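**Student:** Residue numbers (the numbering used here): 183 to 308.
Ideal placement from N, C-alpha and C gives every residue a C-beta, glycine not left out.
Remember, it's a predicted structure, so these values are computed and weren't measured experimentally.
Here it is, the structure in full.
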């Protein structure tokens, strides 16, 4: 087994942490709602975000994701590891569909399949 495949669980862990961060941040922003980003409301919106448990949780997950990613980079060639982060698009779309009830049309499904084929090809290139 090649060294890069040995670290596949670590890469996937970092990607899944990043996916979780995206989903939790989206949940936080759903609770805050749509807002116009302008000079008169920047402080109130930033305060809302800073007090939102989902936003704080998402940022925390990002920090853990960064730690896992740095650990990954210390062990795996970046030319292999970084393309695998595109699995985050796949995981995020699937979780968005199942957890957040977001749309999943045929074009999105086709894009996900193309990403998965690309990831497969990258992992076979080692």
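1) Inspect the CB distances between the segment 203–214 and the segment 266–282 and report whether three or more fall short of 8 Å.
2) Roughly how many whole angstroms lie between the Cα atoms of residue 296 and residue 225?
3) Three-state secondary structure (DSSP) at residue 183?
4) State whether the segment 213–229 contacts the segment 195–204, with contact taken as three or more CB pairs (one from each stretch) at a distance under 8 Å.
5) Run through DSSP, which three-state label would residue 219 get?
6) Check the Cβ-Cβ distances between residue 222 and every residue of chain C, and say whether any is below 7 Å.
7) Go ahead and pull the three-state DSSP assignment for residue 267.
8) Give the DSSP-derived three-state secondary structure of residue 210 in the structure shown.
9) Less than 7 Å between the beta carbons of residue 301 and residue 269, yes or no?
**Tutor:** Reading it off the structure:
1) Contact between the segment 203–214 and the segment 266–282 is present, because at least three Cβ pairs lie under 8 Å.
2) Cα-Cα distance, rounded: 41 Å.
3) Only weak support exists for where residue 183 lies, its pLDDT of 47 falling under 50; the value from the coordinates is given anyway. The answer is coil: DSSP assigns residue 183 none of H, G, I, E or B.
4) The segment 213–229, when compared against the segment 195–204, does not touch it at the 8 Å Cβ threshold.
5) Residue state, collapsed to three classes: coil.
6) The chain labelled as chain C is not found in the depicted structure, where only one protein chain is given.
7) In the structure shown, residue 267 sits in coil (DSSP, three-state: anything other than H, G, I, E or B).
8) Of the three classes helix, strand and coil, the one that applies to residue 210 here is helix, per DSSP.
9) At the C-beta level, residue 301 and residue 269 come within 7 Å of one another.
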